[in-house]
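Novice:
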Amino acid sequence: MSDTTPSFPTLLQRFFVDHLRQQRAVSPCTVAAYRDTFKLLLAFAEKRIGKSPTNLTLPDLNADLILAFLDHLERDRANSVRSRNARLSAIRVFLKYAAHEDLTALAVIERSLAVPQKRHDKAVLGYLARAEVEAIINAPDPKTWAGRRDRALFTFLYNTGARVSEAIDLRIGSVILETAPVVHLHGKGRKRRSVPLWNETARTLKRWIQDLHDCGPDAYIFPNSSGTRLSRSSVRQRLDLAVGAAGGGVPSNRAKAISPHTFRHTTAMHLLQSGVDLTVIALWLGHEDISTTHIYMEADLAMKENALSRLQPVSPTGVRYRPPDKLMAFLQAL
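Last residue of the sequence shown? That's 334 in full-length UniProt numbering, and every number before it is there in order.
Structure follows, in structure tokens:
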């Protein structure tokens with residue numbers, strides 16, 4: 001390494017501070033995901049090659065180490081293939097950045113970048129029937145503050161198809177409840193989109209805002225009991241409670257598979273089944289690439305094929321066509 005070549009610790013710090021936050025302006029969630037990846041990778045590298053994080057060099061992040069790390073994630077940490085691939089994607093972004101900063105490590109970086117994503121079966125898309133959505137929304141106790149919040153939150157998630165991060169980050173000032181109700185969401189990559197609200201959703205949110213101690217434009221619309229930002233895990237816990245309280249409204253064999261993201265899938269599927277164009281659904285969900293939205297078209301087609309398989313086909317009756325001898329001879333001669 002020459003005197004002008006930055007060390008690995010310096011490169012990694014610049015990657016997070018300069019490249020991710022300042023140049024690319026990625027979201028805090030993306031920074032956190034990349035941070036966690038490198039915390040796991042550096043801890044694994046220390047055990048495997050006996051170097052502390054500050055003593056690592058870029059050539060240490062060779063293909064063998066990365067492959068061993070990915071195997072460790074699946075085998076020892078029981079990570080899914082999807083999680084394994086997400087960690088690899090984070091490492092790749094760093095390596096591509098490092099390739100421009102340390103030309104001496106190009107050969108190692110190229111081999112490391114060649115480590116492939118692992119193929120996996122697509123999970124069956126889970127979504128709720130309308131009756132199940134209503135059962136979950138109506139399950140929280142309206143006599144309690146938390147119950148009223150949960151009802152408003154679940155109604156909002158179903159109406160907008162918002163990601164959980166978008167909902168818990170939402171401020172009161174981003175919700176317009178008069179005349180033409182609409183919400184302005186901040187999605188992935190700091191992209192903004194506007195989603196219309198049903199009048200019933202607007203009325204629910206109006207009633208809920210009256211319950212809040214802080215109704216200022218910068219206040220969270222779905223806070224915790226302390227008035228601060230609700231966590232993702234808390235949303236999951238509250239949803240689990242609602243699903244349990246829904247009783248027969250949600251079959252027990254489906255309850256375990258319901259997550260906050262299920263509302264997003266449900267919104268998309270119900271829009272599709274109502275005849276809404278796929279491009280509109282992509283805009284609704286904030287998908288930059290419409291190909292991402294095609295999973296709902298595929299799921300809807302699979303559902304129709306399943307329904308068709310339960311129907312008895314009609315066997316037409318009639319005289320079977322027999323070609324004349326000359327035609328048969330022609331075909332035989334081909």
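Even for Gly, the Cβ is constructed at its ideal location relative to N, Cα and C.
#1: According to DSSP, residue 176 sits in a beta bridge with which residue or residues?
#2: Would DSSP call residue 193 helix, strand or coil?
#3: Please classify residue 170 as buried or exposed, where buried requires at least 16 neighbouring CB atoms within 10 angstroms.
#4: Thinking C-beta only, is residue 136 closer than 8 Å to residue 250?
#5: From the DSSP output, in three-state form, read off residue 24 for me.
#6: Which same chain residues, not among the five before or five after residue 41, have their C-beta less than 6 Å away from its C-beta?
#7: I'd like to know if the segment 200 to 214 and the segment 147 to 155 are in contact, where contact means that at least 3 CB-CB pairs between them fall below 8 Å.
#8: Looking at C-beta atoms only, is the number of pairs between the segment 44 to 54 and the segment 94 to 109 that lie closer than 8 Å three or more?
#9: Going by Cα to Cα distance, which pick from 144, 119 and 17 is closest to residue 32?
#10: Could you tell me if residue 104 is buried or exposed, where buried requires 16 or more neighbouring beta carbons within 10 angstroms of its beta carbon?
#11: Please classify residue 159 as buried or exposed, where buried requires at least 16 neighbouring CB atoms within 10 angstroms.
#12: I'd like to check one pair, residue 229 with residue 168: are the Cβ atoms closer than 8 Å?
#13: Could you name the residues of the same chain whose beta carbon sits closer than 8 Å to that of residue 225, not counting the 5 residues immediately before and after it, in chain order?
#14: Compare the Cα-Cα distances from residue 211 to each of 152, 19 and 7 and report the closest residue.
#15: DSSP beta-bridge partners for residue 223?
#16: For residue 171, list the residues DSSP reports as bridge partners.
#17: Using DSSP with H/G/I as helix, E/B as strand and the rest coil, what is residue 48?
#18: Looking at C-alpha atoms only, which residue of 87, 112 and 85 is the closest neighbour of residue 98?
#19: Once DSSP output is grouped into helix, strand and coil, what is the label at residue 127?
#20: Is it true that the CB of residue 76 sits closer than 8 Å to the CB of residue 6?
#21: Determine the extent of the alpha helix (DSSP H) in which residue 147 is found, giving its start and end residues.
#22: Starting from residue 198, trace the alpha helix (DSSP H) in both directions and tell me its first and last residue.
#23: Just to confirm before moving on: does the CB-CB distance between residue 84 and residue 73 stay below 8 Å?
#24: So the candidates are 154, 278 and 20; which of them puts its Cα closest to the Cα of residue 237?
#25: Are the Cβ atoms of residue 9 and residue 157 separated by less than 8 Å?
#26: Would you mind stating whether residue 45 and residue 58 have Cβ atoms separated by less than 8 Å?
#27: To the nearest angstrom, how far is it from the Cα of residue 239 to the Cα of residue 197?
#28: For a test of the three-state rule: what should DSSP assign to residue 91, helix, strand or coil?
#29: Are residue 166 and residue 184 closer than 8 Å when you measure CB to CB?
#30: Can you tell me which of 138, 89 and 132 puts its alpha carbon nearest to the alpha carbon of residue 118?
#31: So which of 286, 276 and 264 has the shortest CA-CA distance to residue 126?
#32: Buried or exposed: where does residue 181 fall if 16 or more other Cβ atoms within 10 Å of its Cβ makes it buried?
#33: Here's the rule: buried if 16 or more other CB atoms are within 10 angstroms of the residue's CB, otherwise exposed. What is residue 288?
#34: Apart from the five residues on each side of it in sequence, which residues of its chain come closer than 8 Å, Cβ to Cβ, to residue 14?
#35: Between which two residues does the alpha helix (DSSP H) containing residue 260 stretch?
Specialist: According to the structure data:
#1: Taking the sequence shown and counting its residues from 1, one reaches residue 176 at position 176. 182, per the DSSP bridge assignment.
#2: Mapped onto the sequence shown, residue 193 falls at position 193. Under the three-state reduction of DSSP output, residue 193 falls in the strand class.
#3: As a first step, residue 170 must be located in the sequence shown, where it is residue number 170. Classification of residue 170: buried, given that the 10 Å Cβ count is 16 or more.
#4: Sequence index remark: in the sequence shown, residue 250 carries index 250 (1-based). Sequence index remark: in the sequence shown, residue 136 carries index 136 (1-based). Going by C-beta atoms, residue 250 is nearer than 8 Å to residue 136.
#5: For the purposes of this step, residue 24 is taken as residue 24 along the sequence shown, with counting starting at 1. If DSSP states are grouped into helix, strand and coil, residue 24 belongs with coil.
#6: The count along the sequence shown starts at 1 and reaches residue 41 at position 41. Taking residue 41 as the centre and dropping the five residues before and after it, the same chain places the C-beta of 69 closer than 6 Å to its C-beta, in chain order.
#7: With the cut-off at 8 Å, the segment 200 to 214 and the segment 147 to 155 touch.
#8: Short answer: they don't touch.
#9: As a working note, residue 32 is residue 32 in the sequence shown. Of all alpha-carbon atoms in 144, 119 and 17, the one lying nearest the alpha-carbon of residue 32 is that of 17.
#10: For the purposes of this step, residue 104 is taken as residue 104 along the sequence shown, with counting starting at 1. The residue is exposed, with fewer than 16 neighbouring Cβ atoms inside 10 Å.
#11: Against the sequence shown, residue 159 aligns to sequence position 159. Residue 159 comes out buried.
#12: Within the sequence shown, numbered from 1, the residue matching residue 168 stands at position 168. Within the sequence shown, numbered from 1, the residue matching residue 229 stands at position 229. A contact, by the Cβ cut-off of 8 Å.
#13: Translated into positions along the sequence shown, residue 225 becomes position 225. 145 and 146, listed in sequence order.
#14: Here residue 211 is taken as the residue at index 211 of the sequence shown, counted from 1. For the residues 152, 19 and 7, the minimum Cα distance to residue 211 belongs to 152.
#15: Locating residue 223 in the sequence shown gives position 223, counting from the first residue. According to DSSP, which records beta bridges pairwise, residue 223 is partnered with 229.
#16: Here the question's residue 171 lines up with position 171 in the sequence shown. The partner list for residue 171 (beta bridge, DSSP) reads 220.
#17: On the sequence shown, position 48 is the one that residue 48 refers to. Here residue 48 sits in helix by DSSP.
#18: Residue numbering aside, residue 98 sits at position 98 when the sequence shown is read from its first letter. Shortest Cα-Cα distance from residue 98 to any of 87, 112 and 85 involves 112.
#19: Here residue 127 is taken as the residue at index 127 of the sequence shown, counted from 1. Taken through DSSP and simplified to helix, strand or coil, residue 127 comes out as coil.
#20: Working through the sequence shown from its first residue, we reach residue 6 at position 6. Working through the sequence shown from its first residue, we reach residue 76 at position 76. Their beta carbons are not under 8 Å apart, which means residue 6 does not touch residue 76 by this criterion.
#21: Within the sequence shown, residue 147 is the residue found at index 147, counting from 1. Counting along the chain, the alpha helix (DSSP H) containing residue 147 begins and ends at 145 to 160.
#22: The count along the sequence shown starts at 1 and reaches residue 198 at position 198. DSSP places residue 198 outside any alpha helix (DSSP H), giving it a letter other than H or E.
#23: Walking along the sequence shown from the start, residue 84 turns up at place 84. Walking along the sequence shown from the start, residue 73 turns up at place 73. Here residue 84 is near residue 73, since their CB atoms are less than 8 Å apart.
#24: By one-based count along the sequence shown, residue 237 stands at place 237. Nearest C-alpha to residue 237: 154.
#25: Taking the first residue of the sequence shown as position 1, residue 9 is located at position 9. Taking the first residue of the sequence shown as position 1, residue 157 is located at position 157. Their beta carbons are not under 8 Å apart, which means residue 9 does not touch residue 157 by this criterion.
#26: In the sequence shown, residue 45 corresponds to position 45, counting from 1. In the sequence shown, residue 58 corresponds to position 58, counting from 1. No, the Cβ-Cβ distance between residue 45 and residue 58 is not below 8 Å.
#27: Translated into positions along the sequence shown, residue 239 becomes position 239. Translated into positions along the sequence shown, residue 197 becomes position 197. Note on geometry: alpha-carbon atoms of residue 239 and residue 197 lie some 21 Å from one another.
#28: In the sequence shown, counting from the first residue as 1, residue 91 sits at position 91. In the structure shown, residue 91 sits in a helix (DSSP, three-state: H, G or I).
#29: Looking up residue 166 in the sequence shown gives position 166. Looking up residue 184 in the sequence shown gives position 184. With respect to residue 184, residue 166 sits apart: the two C-beta atoms are not nearer than 8 Å.
#30: The count along the sequence shown starts at 1 and reaches residue 118 at position 118. For the residues 138, 89 and 132, the minimum Cα distance to residue 118 belongs to 89.
#31: Numbered from 1 along the sequence shown, position 126 holds the residue referred to as residue 126. Ranking the options by Cα distance to residue 126, first place goes to 264.
#32: Position 181 of the sequence shown holds residue 181. Buried, since its Cβ has 16 or more Cβ neighbours within 10 Å.
#33: Counting from one through the sequence shown, the residue named residue 288 turns up at place 288. Result: exposed.
#34: Along the sequence shown, one-based indexing puts residue 14 at 14. Hits under 8 Å: 6 and 101.
#35: One-based indexing of the sequence shown puts residue 260 at position 260. 260 to 273 is the span of the alpha helix (DSSP H), which, as asked, contains residue 260.
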